[in-house]
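In the UniProt record's numbering, the protein residues as written are 1 to 288. By construction, the Cβ of each residue, glycine as well, lies at the ideal position given by its N, Cα and C atoms. Predicted model, so just to flag it, every value in this text is computed and none were measured. Beneath this line is the structure, given in structure tokens, with notes to follow.
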Amino acid sequence: MGCVLGREVSSGIVSESKAVKNLRVESNRKVEDVSVKKTDTTSSVVEIKNEETLGEKVDGDKKPKGERRWSRPNSKPSNLPKQTRGEQVAAGWPPWLSAVCGEALNGWIPRRADTFEKIDKIGSGTYSNVYKARDLLTGKVVALKKVRFDNLEPESVKFMAREILILRRLDHPNVVKLEGLVTSRMSCSLYLVFEYMEHDLAGLAASPAVQFTEPQVKCYMHQLLSGLEHCHNRGVLHRDIKGSNLLIDNEGILRIADFGLASFFDPNHKHPMTSRVVTLSSCLVVLR
1 MGCVLGREVS SGIVSESKAV KNLRVESNRK VEDVSVKKTD TTSSVVEIKN EETLGEKVDG
61 DKKPKGERRW SRPNSKPSNL PKQTRGEQVA AGWPPWLSAV CGEALNGWIP RRADTFEKID
121 KIGSGTYSNV YKARDLLTGK VVALKKVRFD NLEPESVKFM AREILILRRL DHPNVVKLEG
181 LVTSRMSCSL YLVFEYMEHD LAGLAASPAV QFTEPQVKCY MHQLLSGLEH CHNRGVLHRD
241 IKGSNLLIDN EGILRIADFG LASFFDPNHK HPMTSRVVTL SSCLVVLR
């Protein structure tokens with residue numbers, strides 16, 4: 001159910017508002033040549049080549065009932081046996097990636113023929129850039145989050161692996177779903193593939209053309225709390241809830257995104273948490 005015109009409506013009823021559609025700031029169109037790596041047909045990984053462009057590279061189901069709480073979660077990705085890492089490398093994973101965060105990749109295998117065409121850069125952060133792209137195999141529009149590695153220090157790679165492990169643990173209609181991974185031969189980077197969401201709450205709230213009604217605000221807050229409840233029941237703290245990390249599609253569905261600062265926790269073993277993660281006023285921004 002989405003939040004539109006101050007009430008909940010079923011998917012497929014709402015047409016896209018032109019004023020809202022123009023909220024996204026478009027960058028120059030850039031297209032990247034993509035070549036396909038021949039591997040298994042049931043994969044989640046492709047390789048992107050020829051990343052050179054002018055200027056900067058242009059470079060997710062109903063809530064399950066009776067969720068069980070996760071006790072003593074493993075907060076650090078562990079290494080897999082050498083044989084398993086060897087199988088991952090043979091499947092197409094870079095050795096440097098498999099050696100450090102094999103657990104995050106376990107069960108994911110390269111698919112045979114996927115290509116992506118990058119369309120626009122739609123966001124950026126300290127460690128990543130996000131692009132609107134098209135899967136040339138299916139024609140589906142997706143979001144590609146490129147995680148940059150300035151070096152191959154194990155701790156830097158483990159930081160990214162933790163985000164993948166967290167995303168794989170979550171499965172809720174109000175939480176973004178990781179759909180696949182993309183590796184690059186041209187640089188030490190990894191792309192995370194997500195469903196494309198047209199807007200974020202911060203952009204909508206800043207637009208004079210958008211006026212939220214009280215029922216709409218309640219509807220979005222209900223979706224946000226539902227997604228957060230799922231995260232907490234799965235032993236995950238997001239730690240960076242703010243308007244720009246709350247994505248909304250054209251049907252009014254809200255999804256929590258960007259788990260780059262998220263962490264595992266054990267709900268059965270409480271201990272003091274630090275407040276030095278994000279801006280302390282983030283919650284106030286959301287409540288406004």
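Just to confirm, is the Cβ distance from L254 to Q223 under 7 angstroms? Contact: yes.
Nonlocal neighbours in the same chain, by C-beta distance under 8 angstroms from P154, ignoring five residues either side = The beta carbon of P154 sits closer than 8 angstroms to those of V100, all from its chain and outside the five residues before and after it, given in chain order.
Inset, instruction - Inspect the beta-carbon positions of I166 and A104 and report whether they are closer than 7 angstroms. - result: No.
Quiz item: Under a Cβ-count criterion, where at least 16 other Cβ atoms within 10 Å of its own Cβ denotes burial, should T183 be classed as buried or exposed?
Solution: It counts as buried.
Checklist entry - Where F212 and G252 are concerned, what is the direct C-alpha to C-alpha distance, given to the nearest angstrom? => result Straight-line spacing of the CA atoms in F212 and G252 works out to 12 angstroms.
(request) Enumerate in chain order the residues of its own chain whose CB-to-CB distance from R148 is below 7 angstroms, with the five nearest sequence positions on each side excluded. (result) Excluding positions up to five away in sequence, the list reads Y127, S128 and S189.
Going residue by residue through the region 103 to 166, where are the continuous beta strand (DSSP E) segments of at least 3 residues, counting only ones entirely within it? Runs of the beta strand (DSSP E) inside the region 103 to 166: 116 to 124, 128 to 135 and 141 to 148.
- Message: Pull the bridge partners of V89 from the DSSP assignment, please.
- Response: For V89, which the question treats as bridged, DSSP gives no partner whatsoever.
| task | Would you mind sorting H230 into buried or exposed? The rule is 16 or more other CB atoms within 10 Å of its CB. | result | The residue in question, H230, is buried, as its Cβ has 16 or more Cβ neighbours within 10 Å.
Spatial distance of V210 from G203 (CA atoms):
In this structure, the straight-line span from the alpha carbon of V210 to that of G203 is close to 10 angstroms.
Quiz prompt | Simplified DSSP state of S207, which is helix, strand or coil | solution = The DSSP-derived three-state label of S207 is coil.
Rounded to the nearest angstrom, how far is the Cβ of V176 from that of L247, given a contact under 8 angstroms?
Yes, V176 and L247 are in contact; Cβ-Cβ is about 7 angstroms, under 8 angstroms.
Out of P173, G260, G139 and G227, which has the shortest C-alpha to C-alpha gap to T115? That would be G139, whose Cα lies nearest to the Cα of T115.
ask   = Hey, out of R168, S156, L181 and I119, whose CA is closest to K146's CA?
value = Nearest of R168, S156, L181 and I119 to K146, Cα basis: L181.
Problem set entry | Whole-number beta carbon distance between G107 and T84, since they are thought to touch under 8 angstroms | Distance from T84 to G107 at the Cβ level is roughly 11 angstroms; contact not present, criterion being Cβ atoms closer than 8 angstroms.
| query | Near K270, which residues of its chain fall below 8 angstroms by C-beta distance, leaving aside the five closest residues on each side in sequence? | reply | Here the set comprises nothing.
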